[in-house]
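Written out below as structure tokens is the structure these notes cover.
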Amino acid sequence: MNRCLNIFDLPDEILLVICNKINIVDVLYSLVDVNQRFDRLVLDPLTIRNLSMTIRTFESLYDQTFSIDDKILSRICDKILCRIYDQTNTLTVEQYSVKRILHAANYPQLYSLSFINFEEEILNQYLTDDSILRDLLSKQITHLNIDIKNAHREWFKITSKIFVLILSLCKKLIDLNLCDLFFEQKHWNRISRLTETSLTSSTLTKLKINLRTFTECLFLLNGNFECLTTLILHVEMIYHPIRHIDNAVCIRFRSSFL
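Throughout the sequence shown, residue numbering follows the working numbering, covering -4 to 253 in sequence.
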């Protein structure tokens, strides 16, 4: 007689393969506290060191959401994050849950942070007013990724302000991706109206950024990014005349233009 196979009968190796195919949010919500064996597998440091607290849902290619159901979010924030906070190295959050997640625990080993599907004004507000986030950015974060949701061209002043704020706030930042995470969701930044003294960093070694025009990339070659070795650009328009730039400045950088 054939015996029905229960999930509890599967070996650890198969369970791990299954868990790796499922969104980590669903894994944490569904399997933590089921039994000790599941806890051991799901809460393993290798599993939870890279924590994406988003669930990507497609209405269409250009209409996506990343938010988590409130019931699921509450359980994870109240019962689970307190058990894994000190083992998390990278964290991905979206705008509706970021505050609850960051305020649920300290993250002493966190070095990489990704903001996904944020509106410009909301992200700027968090960067300006949230003391816990600002403390993380200034003292711990070395890698930062930012994705802007359905950005409006007329709001380029806000994203320019965000760029400057990040450069001044993130004292240990070495790798920054500004608005180039998803090919179908691009925001073209404009930095030509910023002062050269505001575009400066003594730690940044890699910058990936979308720019409205090629001319604007020259504002990044002002000599104020003394450690920058890799510059990756996606440019919306190239037109003449291109602003003259000192050859001595060009020689200082080994830049990658993709």
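Using N, Cα and C, we set each Cβ at its ideal position, and we do this for glycine too. Fair warning: this is a prediction, and the values are worked out from it, not measured in the lab.
Tell me whether residue i sits in a helix, a strand or coil according to DSSP, three-state version.
i           : result
residue 216 : coil
residue 168 : coil
residue 15  : helix
residue 144 : coil
residue 92  : coil
residue 37  : helix
residue 199 : coil
residue 47  : strand
residue 210 : helix
residue 5   : coil
residue 230 : strand
residue 0   : coil
residue 26  : helix
residue 173 : strand
residue 42  : helix
residue 194 : coil
residue 224 : coil
What residue from the options has the CA that sits closest to residue i's CA?
i           : options              : result
residue 98  : 77, 104 and 113      : 77
residue 19  : 110, 228 and 63      : 63
residue 166 : 132, 193 and 140     : 132
residue 75  : 22, 185, 16 and 173  : 22
residue 228 : 174, 199, 32 and 195 : 174
residue 71  : 92, 52 and 84        : 92
residue 36  : 51, 50 and 5         : 5
residue 207 : 232, 171 and 0       : 232
Grab me the residues of residue i's own chain with a C-beta within less than 7 angstroms of its C-beta, minus the 5 sequence neighbours each way, in chain order.
i           : result
residue 248 : In this prediction, residue 248 scores a pLDDT of 42, lower than 50, which makes its location untrustworthy; the coordinate-derived value is nonetheless stated afterwards. 216, 223 and 226, listed in sequence order.
residue 144 : 112, 113 and 114
residue 193 : 159
So residue i and residue j are supposed to be a Cβ contact under 8 angstroms. How far apart are they, rounded?
i           : j           : result
residue 168 : residue 199 : 6 angstroms
residue 157 : residue 118 : 6 angstroms
residue 172 : residue 140 : 4 angstroms
Under 6 angstroms Cβ to Cβ from residue i, same chain only, skipping five residues before and after it: list those, please.
i           : result
residue 12  : none
residue 183 : 205, 207 and 231
residue 95  : 72
What are the complete beta strand (DSSP E) segments, minimum 3 residues, inside the stretch 94 to 150? 107 to 113 and 138 to 143
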